[in-house]
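Asks: Supplied in structure tokens, the structure appears directly below.
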Amino acid sequence: MYFWLAVLGIAALLLILVWIKRKKDRQDFEQHNITPDALHAILESKQEVLIIDVRQPLDLLADSEIISGAKRIAPREALENPALIPRDKDVVVYCTCPGDETSRRIVHQVLALHFLRVKLLKGGLAAWKTKGYPVEPYNETFHLDVRT
Numbered sequence: 000m001y002f003w004l005a006v007l008g009i010a011a012l013l014l015i016l017v018w019i020k021r022k023k024d025r026q027d028f029e030q031h032n033i034t035p036d037a038l039h040a041i042l043e044s045k046q047e048v049l050i051i052d053v054r055q056p057l058d059l060l061a062d063s064e065i066i067s068g069a070k071r072i073a074p075r076e077a078l079e080n081p082a083l084i085p086r087d088k089d090v091v092v093y094c095t096c097p098g099d100e101t102s103r104r105i106v107h108q109v110l111a112l113h114f115l116r117v118k119l120l121k122g123g124l125a126a127w128k129t130k131g132y133p134v135e136p137y138n139e140t141f142h143l144d145v146r147t
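What the sequence shown shows, in numbering that gives the first Met the number 0, is residues 0 to 147, in sequence order.
Structure (structure tokens):
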């Protein structure tokens, strides 16, 4: 009987520790988010920031606008070669995925490699456009490689 109570207690403790770690990880990741308003303010103040569009090719095909001045890097390329994202500049990454899924994956990967000056644009392109901030047509050619 006492053995099972001890096992149950240890399991409960482990669950609590996992929950605490996940909560801390979420809070740490929130530091690497930026709102459209905050990004717009940075751009208006002429601070240097590199904006990277990491939308999936089909998403780009469906909406061929890009944040003014942004650079596009295919998500697969960014994941396979994180060096495409500079360490020595402030960088904002965005996509159009529900929950910013593609941006999140890329930001998580580069943070794990100690690229600390990277942020995710909360709400991605849709949030940016909802605020009425500038976009421009994306006229570059790209491959419809949908592998991520």
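Note that the Cβ used here is the ideal one computed from N, Cα and C, for glycine as well.
These numbers were taken from a predicted model, which means no experiment stands behind them.
Which of the three DSSP states is assigned to isoleucine 105 in this structure?
Replies: Isoleucine 105 falls in the helix class under three-state DSSP.
Asks: Is it buried or exposed for tryptophan 127, if we count other Cβ within 10 angstroms and need 16 for buried?
Replies: It counts as buried.
Asks: Starting from the N-terminal side, write out each stretch of the alpha helix (DSSP H) that is 4 residues or longer and does not extend beyond the region 3-56.
Replies: Here the runs fully enclosed are 35-43.
Asks: Have a look at alanine 111 and tyrosine 1 and give me their C-alpha separation to the nearest angstrom.
Replies: About 42 Å.
Asks: Return the first residue and the last residue of the beta strand (DSSP E) that lysine 118 is part of.
Replies: From DSSP, the beta strand (DSSP E) with lysine 118 extends over 117-120.
Asks: Mind checking which residues open and close the alpha helix (DSSP H) that includes glutamate 79?
Replies: 74-79 is the extent of the alpha helix (DSSP H) around glutamate 79.
Asks: Round the Cβ separation of valine 92 and isoleucine 105 to the nearest angstrom and send it over; I've been treating them as touching at under 8 Å.
Replies: So it is a contact: roughly 6 Å between Cβ atoms.
Asks: Where does lysine 88 fall in DSSP's three states?
Replies: Three-state DSSP puts lysine 88 in coil, outside helix and strand.
Asks: Quick one: Cα of glutamine 53 to Cα of leucine 60, how far?
Replies: Here residue 53 is valine; the residue named in the question, glutamine, does not match the sequence. Approximately 13 Å, taken between the alpha carbons.
Asks: Using a Cβ-Cβ cutoff of less than 7 Å, which residues in the same chain neighbour isoleucine 72 once the five nearest sequence positions on both sides are dropped?
Replies: For isoleucine 72, where only same-chain residues beyond five positions count, the Cβ hits under 7 Å are Ile51, Val53 and Leu83.
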